[in-house]
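Let me begin by presenting the structure, written as structure tokens, before commenting on it.
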Amino acid sequence: RNIKKLTKSQTLQLEPLIRCEESLLVPSSGIVDAVSFMRSLEGQILDSGNMISYQSLVSKINFDGKIFTLRVLDNNNQETTIKCRNLINSTGLYATDIANKIEGLKKEFVPKTFFAKGNYFSINKDLGIRHLVYPIPNEFSLGIHLTPELDYSVKFGPDFEWIEDRENYKVDINKKKLFINEIMKFLPDLDSDSLNPSYAGIRPIVEKKEKSKRDFIIQTDSIHSIPNLINLYGIESPGLTSSLAIALHVRDLLE
Ligand SMILES: Cc1cc2nc3c(=O)[nH]c(=O)nc-3n(C[C@H](O)[C@H](O)[C@H](O)COP(=O)(O)OP(=O)(O)OC[C@H]3O[C@@H](n4cnc5c(N)ncnc54)[C@H](O)[C@@H]3O)c2cc1C
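All the letters of the sequence shown, read from the start, carry residue numbers 1 to 255 under full-length UniProt numbering.
Printed below as a string of structure tokens:
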């Protein structure tokens with residue numbers, strides 16, 4: 001909203017460390033504290049009398065035409081059975097695996113999920129940068145961009161790498177050179193010694209297409225014919241920003 005095109009000198013006035021020929025200023029952009037957001041949702045769920053079951057692995061799902069029966073294993077491999085009328089499969093990286101465990105769900109409606117790792121490097125000090133800075137996006141992702149954190153330290157990333165192992169969240173230190181090259185294109189005065197590996201995330205991707213042509217898949221019985229089952233596939237970025245909107249949409253689909 002209210003996007004403005006800025007010249008090189010206007011950009012320099014706003015962000016003296018950032019180099020570019022021209023830029024687009026998006027005044028409505030911002031950041032959220034994802035952990036606090038999750039805690040606040042958790043509080044609201046519990047306050048309204050609902051339950052969240054942590055450390056619980058859904059291992060099998062039967063469907064008798066009306067009721068879903070879930071077999072759930074705890075940390076000690078103890079099994080609990082849960083019966084429900086509505087089932088929302090929002091298991092992120094595992095959505096395809098879970099869908100394949102639902103009795104009666106035809107495999108032709110279950111997309112393959114590919115995995116793409118994104119690493120972050122960070123500088124643990126305030127460089128005075130107050131805006132998110134995005135270079136021109138590349139084919140599969142937004143490119144290595146700069147995000148000021150709530151304490152004004154800065155993180156850079158994520159990069160984009162197809163992977164097979166969706167349990168490996170280790171940041172590869174050998175990527176530092178690549179990060180320096182990318183960051184220096186828009187932040188030439190980068191002090192590379194202060195750049196440290198930070199963390200990594202893994203995206204579930206259902207179509208190996210360029211970023212602007214990919215979308216979330218929110219699949220209902222109009223596709224797979226199982227009533228009251230909603231499967232969410234490929235909920236990659238901006239899945240966090242869109243989470244409340246997705247939740248309202250899913251609720252409306254079930255009503
Ligand atoms: C590198 C990176 C950067 C990102 N940046 C942004 C961003 O800037 N803005 C933004 O909006 N989004 C961003 N995202 C995307 C955002 O993080 C995701 O879209 C969002 O977390 C997806 O939420 P989800 O609930 O669908 O899946 P998840 O958060 O993955 O949750 C799935 C849940 O299902 C559980 N589960 C899985 N299998 C089972 C099972 N068998 N039994 C029981 N439970 C199970 C898991 O334990 C987990 O709790 C980014 C993602 C990555 C990887």
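From the three backbone atoms N, C-alpha and C, an ideal C-beta is built for every residue, glycine too.
Can you check which of these residues, Asp191, Val171, Ser212 and Asn62, is closest to Gly201 by C-alpha distance?
Of Asp191, Val171, Ser212 and Asn62, the residue nearest in Cα terms is Val171.
For a test of the three-state rule: what should DSSP assign to Ile45, helix, strand or coil?
In the displayed model, Ile45 falls within a helix according to three-state DSSP.
Count the other C-beta atoms from every protein chain shown that fall within 10 angstroms of the C-beta of Glu15, then say buried if there are 16 or more, exposed otherwise.
Result: buried.
In DSSP terms, what Glu108 is bridged to:
Beta-bridge pairing by DSSP links Glu108 to no other residue.
When DSSP labels each residue in this structure, what does Lys117 get in the three-state scheme?
In the three-state DSSP reduction, Lys117 falls in the strand class (E or B).
Would you check whether ligand 1 has a heavy atom nearer than 7 Å to the C-beta of Glu29?
Per the sequence shown, residue 29 should be read as Ser rather than Glu. Ser29: no, Cβ never under 7 Å from ligand 1.
Does the pairing of the region 131-138 with the region 180-187 give three or more beta-carbon distances under 8 Å?
Yes: at least three Cβ pairs fall under 8 Å.
Distance CB(Ile144)-CB(Asp126) smaller than 8 Å:
Cβ atoms of Ile144 and Asp126: not closer than 8 Å.
When you compare only the Cα positions, how much space is there between Ser28 and Tyr199?
The alpha-carbon atoms of Ser28 and Tyr199 are separated by roughly 27 Å.
Sub-8 Å separation of Ile123 and Ser194 beta-carbons
With contacts defined by Cβ atoms closer than 8 Å, Ile123 and Ser194 form a contacting pair.
Residue ranges of each beta strand (DSSP E) within the region 145-182, 3 or longer
Within the region 145-182, the complete beta strand (DSSP E) runs of at least 3 residues are 145-148, 154-157 and 161-163.
Would Asn228 and Leu254 be called neighbours here (beta carbons separated by less than 8 Å)?
By the CB criterion at 8 Å, Asn228 and Leu254 fall inside the cutoff.
I think Lys213 touches Leu142, with their Cβ atoms under 8 Å apart; what is that distance to the nearest whole Å?
Actually they do not touch by this definition, with Cβ atoms about 14 Å apart.
Alpha-carbon to alpha-carbon, Gln10 and Val250:
Between Val250 and Gln10, the C-alpha separation is close to 43 Å.
Output the distance between the C-alpha atoms of Glu167 and His131, rounded to the nearest integer angstrom.
Spanning the two alpha carbons is a distance of roughly 32 Å.
Report all residues from its chain with a CB closer than 6 Å to the CB of Ile235; omit the five preceding and five following residues, and keep chain order.
These residues qualify, in order along the chain: Phe216.
Determine the DSSP secondary structure at Lys211, reduced to helix, strand or coil.
Under the three-state reduction of DSSP output, Lys211 falls in the helix class.
Nearest CA to the CA of Lys209: which residue from Lys177, Ala116 and Ile82?
Taking Lys209 as reference, the option from Lys177, Ala116 and Ile82 with the minimal CA-CA separation is Ala116.
Reduced DSSP category for Thr96 - H, G, I as helix; E, B as strand; rest coil
Residue state, collapsed to three classes: helix.
Pop quiz: Leu73 and Ser59 are said to be a contact at Cβ under 8 Å. What is the actual Cβ separation, rounded to whole angstroms?
The pair is a contact, with the Cβ atoms about 5 Å apart (cut-off 8 Å).
Taking just the CA atoms, how far does Pro188 sit from Thr7?
Looking at the two C-alpha atoms, the distance is approximately 18 Å.
Are the CB atoms of Leu240 and Ala95 nearer to each other than 8 Å?
No.
When every heavy atom of ligand 1 is checked, does at least one fall within less than 7 Å of the C-beta of Val58?
Indeed, a heavy atom of ligand 1 lies less than 7 Å from the Cβ.
Which complete alpha helix (DSSP H) runs does the region 189-254 hold, if anything under 4 residues is left out?
Taken in chain order, the whole alpha helix (DSSP H) runs of length 4 or more contained in the region 189-254 are 221-224 and 243-254.
State yes or no: is the C-beta of Pro16 nearer than 7 Å to some heavy atom of ligand 1?
Every heavy atom of ligand 1 is 7 Å or more from the Cβ of Pro16, so no.
Pro148 Cβ short of 7 Å to ligand 1 heavy atom set:
No; taking the cut-off as 7 Å, the Cβ of Pro148 has no heavy atom of ligand 1 nearer than that.
Would you say the beta carbon of Ile98 comes nearer than 7 Å to a heavy atom of ligand 1?
Under cutoff, so the answer is yes.
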